[in-house]
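Working notes, structure below.
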Amino acid sequence: MEAFDVSPSLVSFAEDLANAAGTVIRGYWRVPIEVESKDEPGRPVAESPVTVADREAEAVMRKMIESAYPSHGIYGEEFGNVRLDAEYVWVLDPIDGTKSFITGKPLFGTLIALLHRGKPVMGVIDQCVLKERWVGANGCTRLNGKAVRCKGVAGLKDAMLYATTPHMFAPGLEEDRFGRLRDRVKRPLYGCDCYAYALCASGFVDLVVEADLGVYDYCALVPVVTFAGGMMTDWEGKDLTLQSHSVSKGRVVAAANQELWKAAVDVLSGRSGGPNLGPFAVFQGLSLPSFVLGAAAGAALVSWLSSRRP
Numbered sequence: 001m002e003a004f005d006v007s008p009s010l011v012s013f014a015e016d017l018a019n020a021a022g023t024v025i026r027g028y029w030r031v032p033i034e035v036e037s038k039d040e041p042g043r044p045v046a047e048s049p050v051t052v053a054d055r056e057a058e059a060v061m062r063k064m065i066e067s068a069y070p071s072h073g074i075y076g077e078e079f080g081n082v083r084l085d086a087e088y089v090w091v092l093d094p095i096d097g098t099k100s101f102i103t104g105k106p107l108f109g110t111l112i113a114l115l116h117r118g119k120p121v122m123g124v125i126d127q128c129v130l131k132e133r134w135v136g137a138n139g140c141t142r143l144n145g146k147a148v149r150c151k152g153v154a155g156l157k158d159a160m161l162y163a164t165t166p167h168m169f170a171p172g173l174e175e176d177r178f179g180r181l182r183d184r185v186k187r188p189l190y191g192c193d194c195y196a197y198a199l200c201a202s203g204f205v206d207l208v209v210e211a212d213l214g215v216y217d218y219c220a221l222v223p224v225v226t227f228a229g230g231m232m233t234d235w236e237g238k239d240l241t242l243q244s245h246s247v248s249k250g251r252v253v254a255a256a257n258q259e260l261w262k263a264a265v266d267v268l269s270g271r272s273g274g275p276n277l278g279p280f281a282v283f284q285g286l287s288l289p290s291f292v293l294g295a296a297a298g299a300a301l302v303s304w305l306s307s308r309r310p
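Sequential numbering from 1 applies to the sequence shown in full-length UniProt numbering.
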């Protein structure tokens, strides 16, 4: 991802937004709080929780943007969108991982992205309880002011793979392709929300693969991962932008290095990673009468078994 020159004042303002949101969120941390459900039709995870903390945190950030940069657009999870055709658009997810937040697990985060003509050029992942903040801008990702870098292993067989939940993959294509990738890695892990991407940027996680994400879920993550030396795209290997969601359908992959990314995309895109059919692989996709296939498959099986005898 090519770095765009984001002014120091905009970087500082993004951190001001995170500070303001964090002040709101900490006031509701691990205290009794009413949880509502919002329906998001067309998504496999159709029910999504929302709290007053989500709404108040987004409201304070929107107010600050409207005051400081009234010509900028805003794309927010809780209160909709304004001026999306503006040169600069802020994308806000006040609490990414509301389920983690309401159950007292400090792996949620505030996500703030700045887009220039639809492309993410700056991203912030802020964990206000742990007081950890990743800022990706101008070709560098920093954790609390210190530069961090992705690391990652050389191949899938040694990789640690994160996803928020295995239930975020819709039955059929998504479930099948994620399953093929999951079976190739060293260990699949679940339950980190946006924090997994932050850990990838810091050199601790090799791969993150998810589906069913909204624009507000992924835009801030792209600069954080890529400016730390990683790769983040959709499952076809295409850029994630404001306009790309209808094509990507919220399917994303983040990798600590290009080799892992390419291997993962090959599987997730369907270009490799099909089921192992053993001696029957040659017949996959053939339209032949069943008795022909039966006889040929039987002969192939005998030949294959013979070849495996010591």
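Beta carbons are placed, not taken as given, at the ideal position from N, Cα and C, and that holds for glycine.
If you draw a straight line from the alpha carbon of GLU210 to that of ALA264, how long is it in whole angstroms?
Rounded to the nearest angstrom, the two C-alpha atoms are 12 Å apart.
Spell out the partners DSSP gives ASN81 in its beta bridges.
TYR75
ALA255 to ALA198, Cα distance in whole Å?
Going from the Cα of ALA255 to the Cα of ALA198 covers about 12 Å.
Run through DSSP, which three-state label would TYR195 get?
helix
Let me check one thing: in DSSP terms, what residues is GLN127 bridge-paired to?
Answer is GLU132.
Is it true that the CB of ALA220 sits closer than 8 Å to the CB of VAL124?
yes
Can you grab the Cα-Cα spacing for the pair GLU58 / PHE108, in whole Å?
15 Å
What is the DSSP secondary structure of GLY109, reduced to helix, strand or coil?
Strand.
Between the C-alpha atoms of GLU56 and LYS249, what's the straight-line distance to the nearest angstrom?
28 Å
What do you get for THR141, buried or exposed, if any count of 16 or more other CB atoms within 10 angstroms of its CB means buried?
Per the 10 Å Cβ criterion, buried.
Is there contact here, the stretch 84 to 99 with the stretch 113 to 120, by at least three beta-carbon pairs under 8 Å?
yes
Taking Cβ to Cβ, would you say SER246 is nearer than 8 Å to LYS238?
no
With respect to the beta strand (DSSP E) encompassing PRO94, which residues constitute its N-terminal and C-terminal limits?
88 to 96
Measuring alpha carbon to alpha carbon, tell me which of LEU111, GLY76, GLY270 ends up nearest TRP235.
GLY270
Identify whether LEU213 lies in helix, strand or coil by the three-state DSSP scheme.
Looking at LEU213 - three-state DSSP - the assignment turns out to be coil, as it is neither helix nor strand.
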